[in-house]
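Report on the following structure.
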Ligand SMILES: [Zn+2]
Ligand SMILES: [Zn+2]
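Residue numbers (my numbering): 27 to 142.
See the structure below:
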């Protein structure tokens with residue numbers, strides 16, 4: 027998402043915020059984009075990956091609450107934003123975001139391997 031008031035003709039890195047924790051984009055914080063300008067940052071993907079993929083937690087989003095990244099109403103478990111319970115990412119998108127961040131040579135991001 028863009029910070030409110032962002033000039034769409036002149037978007038700065040700091041105008042791009044994670045939809046889930048609202049951290050601004052920085053050189054050290056990778057972001058993955060979803061549909062309609064949604065983004066999730068590396069910190070959130072790490073937490074979501076730990077909880078949903080490794081620990082097997084998470085419930086399907088309530089009917090009508092779509093995944094913020096793929097905009098689909100999916101039955102797989104989803105992770106909820108700590109700031110807004112209506113902002114969710116599905117397990118498939120968590121895994122795709124982790125793949126994308128690991129594949130980006132500009133980031134040092136690696137997925138967590140254990141629950142610790
Ligand atoms: Zn985040
Ligand atoms: Zn999704």
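No residue lacks a Cβ here, since even glycine has one placed at the ideal position from N, Cα and C.
Neighbourhood of residue i by C-beta, 8 Å cutoff - its chain only, sequence neighbours within 5 removed
i           : result
residue 102 : 86, 116, 117 and 118
residue 47  : 67, 69, 70, 107, 108 and 109
Cβ-heavy atom distance, residue i to ligand 1, below 7 Å
i           : result
residue 119 : no
residue 66  : yes
Unbroken beta strand (DSSP E) run spanning residue i, endpoints
i           : result
residue 120 : Premise fails: residue 120 lies in the alpha helix (DSSP H), 117 to 129, not in any beta strand (DSSP E).
residue 145 : Residue 145 is absent from the structure shown; the chain starts at 27 and stops at 142.
Start and end residues, alpha helix (DSSP H) containing residue i
i          : result
residue 73 : 68 to 74
Beta-carbon proximity list for residue i, same chain, < 7 Å, skipping 5 on both sides
i           : result
residue 29  : 41 and 43
residue 37  : 28
residue 127 : 56, 58, 68, 71, 133 and 135
residue 120 : 71, 74, 75, 78, 79 and 105
residue 177 : Because the chain here runs from 27 to 142, residue 177 falls outside it and cannot be looked at.
Any chain D beta carbon closer than 8 Å to residue i
i           : result
residue 140 : No chain D is present in this structure, which holds just one protein chain.
Residue environment, residue i, which counts as buried when at least 16 other CB atoms sit within 10 Å
i           : result
residue 132 : exposed
residue 45  : buried
residue 94  : buried
residue 114 : buried
residue 82  : exposed
residue 123 : buried
residue 90  : exposed
residue 31  : exposed
Residue i CB to nearest heavy atom of ligand 2 below 7 Å
i          : result
residue 98 : yes
residue 78 : no
Nonlocal neighbours in the same chain, by C-beta distance under 6 Å from residue i, ignoring five residues either side
i          : result
residue 61 : 97
residue 64 : 45, 94 and 95
Ignoring anything shorter than 3 residues or poking outside the segment 29 to 90, list the beta strand (DSSP E) runs there in chain order.
57 to 59 and 65 to 67
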